[in-house]
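Below: the structure, in C-alpha cells.
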Amino acid sequence: MINVMIVDDQALVRNGLAMIVDSQDDLSVVAEADSGDSALILAKRLAVDVVLMDVCMPGTDGIETTSRLIESEPSPRVIIVTTFDIDKYVFGALRAGASGFIVKSAKAEDVIAAIRTVHAGDAVISPSSTRRLLAQVVPDLPGSVESPEVLDSLTPREEEVFIAVSSGASNTEIAQQLFVSETTVKTHVGRLLHKLNARDRVQLAVLAYETGIVRPGHDRPRREYPSGG
C-alpha cells in the first residue's frame, strides 16, 4: 500500500485528489493538510510515502515544506501539484527535492501513475518539460552555484550521460546518441545519482544548470572535464 498525504489550502482540490487516490486498491490517503505547517506535523506522526504538494500556500509555502520533508527521516517523495505547467515556484520545489510535478487539471490516470512512479524511485517530469522549465527559469537565477568537487571524478562517459540527461534526453535517446544499450545508460545514470547525491534525473538536471555545466540551448559543457576513466 502506498500512503499518500495531500497538501493544499483549497478543500475542493484536496477532496478531488483524495477521491482519485482512494479509488485505487494500492493507494490510500492517510492525511490531508491545508497548510505546510500542518503537513510537517502530520508527516512526523504518520507513515507517508508520497506527498501531493501545492506550492502557493499561506504561511510555510510548498517549497519550504518540501525542503523540510525531504530532510526528514524517512523522507517521503513529493509531487508538486500546480495550476501552471511551468513556473519558478515549480523550479524552486524541484531544487528543494521534489520528484516532479503535475498540473491540477491532470487526468485521474496521470495522477495515479505519477504517485506510483515516484514511489518506485523515478521522477515525474517529461524530457520536454525539463528543457522548457530550465530554459525559462535558469537565466534568471541570481548567480551560479559552485561546482562540487565530485564532478571532477566523473568518467568521460559519465560526463556525456550527465550532459545528455541534463538536456532532457530519455534513456532511449541517450542510448542512440552514444551507441550503447539502454541498460548501459541506466547503469551510468545510477552511478551519477550516487556520485552526485541526487534523488533522480530532475535533480541531476537542476545541478547541471545551476553550476553552469550546461546552459539552455547549448549542448556542450561550459567547463573542461578531466580525461581518463
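Be aware that the sequence shown starts at 1, since it is given in UniProt numbering, and climbs by one per residue.
Every residue gets a Cβ at the ideal spot worked out from N, C-alpha and C, and that includes glycine.
Remember, predicted model here, so these are calculated numbers, not experimental data.
Contact check for V48 against Y89 fails: the beta carbons are separated by 9 Å or more.
Apart from the 5 residues on each side of it in sequence, L52 sits with its Cβ closer than 6 Å to the Cβ of I6, L17, I79, V81 in its chain, given in chain order. The stretch 94-113 and the stretch 170-181 do not touch, with fewer than three beta-carbon pairs separated by less than 8 Å. Sequence-distant Cβ neighbours of K186 in its own chain, meaning closer than 8 Å and more than five residues away, are N171. The three-state secondary structure of A31, taken from DSSP, is strand. Pairing R191 with V118, the inter-Cα distance amounts to about 19 Å. Per the C-alpha coordinates, the member of T83, R77, A33, V50 positioned closest to G59 is A33. For M53, the enclosing beta strand (DSSP E) begins and ends at 50-54. Taken through DSSP and simplified to helix, strand or coil, R68 comes out as helix. Residue environment for T66: buried (at least 16 other C-beta atoms within 10 angstroms of its C-beta).
Here L204 is near V189, since their CB atoms are less than 9 Å apart. Note on geometry: alpha-carbon atoms of R77 and P156 lie some 31 Å from one another. Beta-bridge partners of T82 (DSSP): V103. M5 is bridged by DSSP to A31, V51. If you draw a 10 Å sphere on the C-beta of A164, you find 16 or more other C-beta atoms in it, and that means buried. The DSSP-derived three-state label of V124 is strand. Around the beta carbon of D25, fewer than 16 other beta carbons lie within 10 angstroms, which makes this residue exposed. Nearest neighbour of D9 by Cα position, chosen from A123, E210, D37, turns out to be D37.
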